[in-house]
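I have placed the structure first, in the form of structure tokens, so that the comments after it can refer back to it.
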Amino acid sequence: MPVPRRISLRLILQIFVFLGYGMDSLHACVWDSDTLLSERFKKPEMAKVILGAPAEPPDPKPLRKRIEELQSHPRRDDPAWWNDLAGAHLRLGEAKEAAALLEPVLARFSGDYGIHANLGTAYHLMGRYADAAHEIGRDLELNPDAHFGLERYHLALLQYLAHDAAWQRRHVYVDEWTWGFNRPGMGRYGQLRGKLAPGDHPYGEYGEFPELEQDAPPAYRFQWDLGSDPHLEQGILYMATLNPEEPACFVVLGLHSLHQQDLNLAAKAFERAIRLGSAQAPELQKEADDLHRHIRQAQLELLPLFVLIGLAVAATGYYLFDLTRRLRYHRQMLAAEWERKLERSGLPPLNPDS
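The sequence shown begins at 2 in my numbering and counts up one residue at a time.
Next comes the structure, spelled out in structure tokens:
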């Protein structure tokens with residue numbers, strides 16, 4: 002005997018009510034149980050930089066040919082010629098050669114943005130971070146919107162790298178996040194939302210490193226607030242792309258991913274920074290372990306929700322099956338009734354093929 006229709010519908014409604022309660026009670030865990038695949042779909046560029054291998058070096062042959070052509074047709078009074086020549090050497094990884102070209106003409110072309118930018122990049126690759134910061138600071142004076150406003154992240158990274166190892170361990174290169182980075186416990190990264198005006202003391206009263214109380218903020222903080230910059234994600238991706246072997250870049254990518262609630266990407270970024278030799282490896286390893294543990298726990302907590310979804314799908318399927326069966330039975334009964342009426346009227350029966 003078929004189950005009454007209202008009972009099937011009531012069953013489905015009850016399951017969806019329970020499903021709604023389950024969704025509400027597990028809402029706090031849903032966001033942090035994203036799989037790595039879903040985070041890669043949501044943030045493809047971030048995932049590509051964090052998870053991808055460093056880009057292959059460019060083919061040297063066209064660059065060598067470019068250098069030969071420039072040298073065969075010198076334009077020594079044109080700063081663009083010097084920039085093109087130095088740029089080719091930089092793309093080949095020949096920072097010393099680029100610096101040797103640009104240093105003698107720096108005074109002559111002191112107002113040219115490209116000369117300072119290329120010389121600063123050469124010094125960066127040579128490990129002369131303070132000199133590099135000076136040149137990049139100068140190119141930002143000449144062109145504050147350099148590289149679509151992303152060059153300021155280069156300056157922030159250089160000012161970070163110019164400090165000693167102890168200072169670097171207490172800080173991150175987007176220094177607005179340093180205070181949050183040093184707050185104890187898993188919840189500290191969730192509080193990376195303080196926006197401090199330039200000139201304010203940036204670190205608060207507490208932290209794992211008391212020395213922060215005496216640390217002066219990097220100079221860029223008196224010009225910009227990168228923590229509230231609308232181009233923050235573009236800027237830190239730009240730096241990590243250009244500096245794929247610099248652990249400080251991946252620490253910041255991890256912090257940003259965590260702030261965006263992309264926990265899997267955050268853990269991967271921290272682990273990459275550790276592999277690259279970050280001085281903050283102990284803190285990063287603890288956070289990565291905590292993230293993995295948190296993700297596993299959240300996934301287990303979602304099992305009841307998956308069971309409820311399965312029950313809802315099964316009940317809906319049964320309801321549709323039962324409804325189809327009832328409609329078929331109703332059509333058969335209606336056809337039989339018409340046949341009886343025709344028979345009583347003396348008319349010939351209906352012929353579906355006529």
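Even for Gly, the Cβ is constructed at its ideal location relative to N, Cα and C.
{"Item": "Threshold first: 3 residues or longer. Then list the beta strand (DSSP E) segments lying entirely within the stretch 105-184, N to C.", "Value": "none"}
{"Item": "Just reading off the alpha helix (DSSP H) that Asp-85 is part of, what are its end residues?", "Value": "80-92"}
{"Item": "Taking DSSP as the reference, what is the three-state secondary structure of Glu-70?", "Value": "helix"}
{"Item": "Is Gln-281 helix, strand or coil by DSSP?", "Value": "coil"}
{"Item": "Taking C-beta to C-beta, are Asn-119 and Asn-84 nearer than 7 Å?", "Value": "yes"}
{"Item": "Name the residue from Cys-250, Pro-59, Ala-157 whose alpha carbon lies nearest to the alpha carbon of Ile-51.", "Value": "Cys-250"}
{"Item": "In chain order, what residues of the same chain have a beta carbon less than 6 Å from the beta carbon of Ala-241, not counting five sequence neighbours either side?", "Value": "Val-50, Cys-250, Leu-254"}
{"Item": "Whole angstroms is fine: what's the gap from Arg-332's alpha carbon to Gly-318's?", "Value": "21 Å"}
{"Item": "Tell me, please, whether the stretch 229-240 touches the stretch 144-158 by the rule of three or more beta-carbon pairs shorter than 8 Å.", "Value": "yes"}
{"Item": "According to DSSP, is Arg-311 part of a helix, a strand, or is it coil?", "Value": "A quick correction: the sequence has Gly, not Arg, at residue 311. Three-state DSSP puts Gly-311 in a helix."}
{"Item": "I want to know whether the stretch 278-285 touches the stretch 155-171 - three or more CB-CB distances under 8 Å.", "Value": "yes"}
{"Item": "What residue does the alpha helix (DSSP H) around Leu-1 start on, and which one ends it?", "Value": "An answer regarding residue 1 cannot be provided, because it is not within the stretch 2 to 355 covered by the chain."}
{"Item": "Determine the burial state of Val-314: buried for a count of at least 16 other Cβ atoms within 10 Å of its Cβ, exposed for fewer.", "Value": "exposed"}
{"Item": "Relative to the C-alpha of Pro-1, which candidate in Ala-316, Ile-296, Glu-95 has its C-alpha closest?", "Value": "Absent from the model: residue 1. The displayed extent of the chain is 2 to 355, so no value can be given."}
{"Item": "Suppose you measure from the CA of Gln-262 to the CA of Gln-286; what does that come to, to the nearest Å?", "Value": "18 Å"}
{"Item": "Between the Cα of Pro-58 and those of Leu-243, Leu-213, Gln-160, spot the shortest distance and give me the residue it belongs to.", "Value": "Leu-243"}
{"Item": "With Leu-91 and Thr-122 assumed to form a contact (beta carbons below 8 Å), what rounded beta-carbon distance in angstroms separates them?", "Value": "6 Å"}
{"Item": "Find the nearest neighbour of Met-127 within the set Asp-323, Ala-100, Leu-256, Gly-112, judged by alpha-carbon distance.", "Value": "Ala-100"}
{"Item": "Measuring alpha carbon to alpha carbon, tell me which residue in Ile-296, Phe-271, Arg-297 is nearest Glu-288.", "Value": "Phe-271"}
{"Item": "So Pro-251 is in the alpha helix (DSSP H); what residue range does that whole segment cover?", "Value": "Position check: residue 251 holds Phe in this sequence, whereas Pro was assumed. 248-260 is the span of the alpha helix (DSSP H), which, as asked, contains Phe-251."}
{"Item": "Quick check on the DSSP output: the alpha helix (DSSP H) that includes Gln-235 runs from which residue to which?", "Value": "233-243"}
{"Item": "Is His-257 closer than 7 Å to Ile-237 when the C-beta atoms are compared?", "Value": "yes"}
{"Item": "Ordered along the chain, which non-local residues of its own chain (more than five positions away) have a Cβ less than 6 Å from that of Ala-133?", "Value": "Gly-121, Tyr-124, His-125, Leu-159"}
{"Item": "Taking Arg-171 as the reference, which of Ala-81, Arg-327, Asp-216 has the closest Cα?", "Value": "Asp-216"}
{"Item": "Applying the criterion that 16 or more other CB atoms from any shown protein chain within 10 Å of the CB defines a buried residue, is Phe-1 buried or exposed?", "Value": "Lying outside 2 to 355, the shown extent of the chain, residue 1 is not represented and no answer is given."}
{"Item": "Within 10 angstroms of its Cβ, does Glu-246 collect 16 or more other Cβ (buried), or is it exposed?", "Value": "exposed"}
{"Item": "Measure the C-alpha to C-alpha separation of Leu-103 and Arg-67 and round it to an integer number of angstroms.", "Value": "17 Å"}
{"Item": "Considering only the beta carbon of each residue, do Ala-267 and Pro-248 sit closer than 7 Å?", "Value": "no"}
{"Item": "From the DSSP output, in three-state form, read off Ala-217 for me.", "Value": "coil"}
{"Item": "Around the Cβ of Lys-269, are there at least 16 other Cβ atoms within 10 angstroms (buried) or fewer (exposed)?", "Value": "buried"}
{"Item": "Select from Val-106, Trp-178, Ser-346, Leu-343 the residue whose C-alpha is nearest the C-alpha of Arg-76.", "Value": "Val-106"}
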